[in-house]
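Have a look at the structure below before the remarks.
Residue numbers (the working numbering), protein chains in the order written: chain A, 1 to 121; chain B, 1001 to 1157.
Quick look at the structure:
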């Protein structure tokens, strides 16, 4: 599931096109993304520890919108499965497994975006 | 398209990244128009500004209370908006591609419904374009009616 090092998870071209290449807007959106995605990951982690299915459902749902802005399409099926399981309040083991993949991919995405961000300064 | 008429748009969305990206996208795509775009993270916050700004268009998230469980959900906010001004054009946004949500939204007074997916911004822009045409048609209609009234009054004299 994790992409190879030379393969990129994020596609910032979509974001760049969206704002017509305006660098200050790209940086503003990237900064909000980096803050928000870290907060959402932390909240999902904590909710899994507490077996709080409702919070897992809410934040996996929200995160689908968050990652869509930087076009991380590979995360969508993971978040969708986590949300569906959480909605049914079943299979915390599978949710935990998916969350491990989610965290690894987000870590890679955050690293990629931080590298890309420099280009827009 | 009439680019002189000022149009106020409210984005009511609890996802900060999505709201910021959407606002930027709208302001970029419709840069030739007189738009005033305001973002709110809850329906309650938008209500405080509604009377003051009188938005013609509202882009409203269906799952508004995903972060703050005490916040009003999208349907309740939609009801409030339509009750306040039934002429407001509301596009309901959701990540759930369920026909029930679409029907419910239209039943409560939404003018359009967009599912959040990889084409989300294009669909929202298309909705906005249609809304702009509706607003323009209404404005033209009001102008013609006013001229007709004026003509009739002059004819009497």
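Beta carbons: idealized from backbone N, C-alpha and C, even for Gly.
Contacting residues, own chain, Cβ-Cβ under 7 Å from residue 30/A (five flanking each side not counted): 113 and 117
From 1116/B, 1067/B, 1102/B and 1050/B, pick the residue whose C-alpha is nearest to that of residue 1086/B; which is it? The option with the nearest alpha carbon to residue 1086/B is 1050/B.
Any idea which residues DSSP pairs residue 1061/B with across the strands? 1093/B
Whole-angstrom Cβ separation of residue 1064/B and residue 1074/B, contact assumed at under 8 Å? 5 Å
Give a yes or no on whether the C-beta atoms belonging to residue 1134/B and residue 1091/B are separated by under 7 Å. no
Determine the extent of the alpha helix (DSSP H) in which residue 59/A is found, giving its start and end residues. 53–68
With DSSP run on the structure shown, which of helix, strand or coil describes residue 1113/B? strand
For residue 38/A, go through chain B and note every residue whose CB falls closer than 8 Å to its CB, in chain order. In chain B, no part has a C-beta under 8 Å from the C-beta of residue 38/A; the shortest such distance is about 12 Å.
Helix, strand or coil at residue 1010/B [DSSP, three-state]: strand
Under 8 Å Cβ to Cβ from residue 1034/B, same chain only, skipping five residues before and after it: list those, please. 1003, 1004, 1005, 1006 and 1007
Mind listing the chain B neighbours of residue 28/A? Cutoff is C-beta to C-beta under 9 Å, in chain order. 1020 and 1024
Here's the rule I'm using: 16 or more other beta-carbon atoms within 10 Å means buried, otherwise exposed. How should residue 1095/B be labelled? Residue 1095/B should be labelled buried.
Kindly indicate which three-state DSSP category residue 1039/B falls into: helix, strand or coil? DSSP places residue 1039/B in the strand class (E or B) of the three-state scheme.
Determine the chain B residues that contact residue 18/A at a beta-carbon separation under 8 Å, and present them in chain order. 1021, 1024, 1025, 1028 and 1121
6 Å CB neighbourhood of residue 82/A in its chain, flanking five on each side removed: 60, 95 and 98
Roughly how many angstroms lie between the CA atoms of residue 1153/B and residue 1141/B, to the nearest whole one? Taking the Cα positions, residue 1153/B is about 18 Å away from residue 1141/B.
Taking 7 Å as the cut-off, decide whether the C-beta atoms of residue 20/A and residue 1028/B are in contact. With a cutoff of 7 Å on beta-carbon distance, residue 20/A and residue 1028/B are scored as near each other.
According to the neighbour-count rule (16 or more other Cβ atoms, all chains shown, within 10 Å of its Cβ), is residue 133/A buried or exposed? Given that chain A is displayed from residue 1 to residue 121, the structure contains no residue 133/A and the question cannot be resolved.
Under DSSP, the alpha helix (DSSP H) around residue 24/A begins and ends at which residues? Run containing residue 24/A: 23–49, per the alpha helix (DSSP H) assignment.
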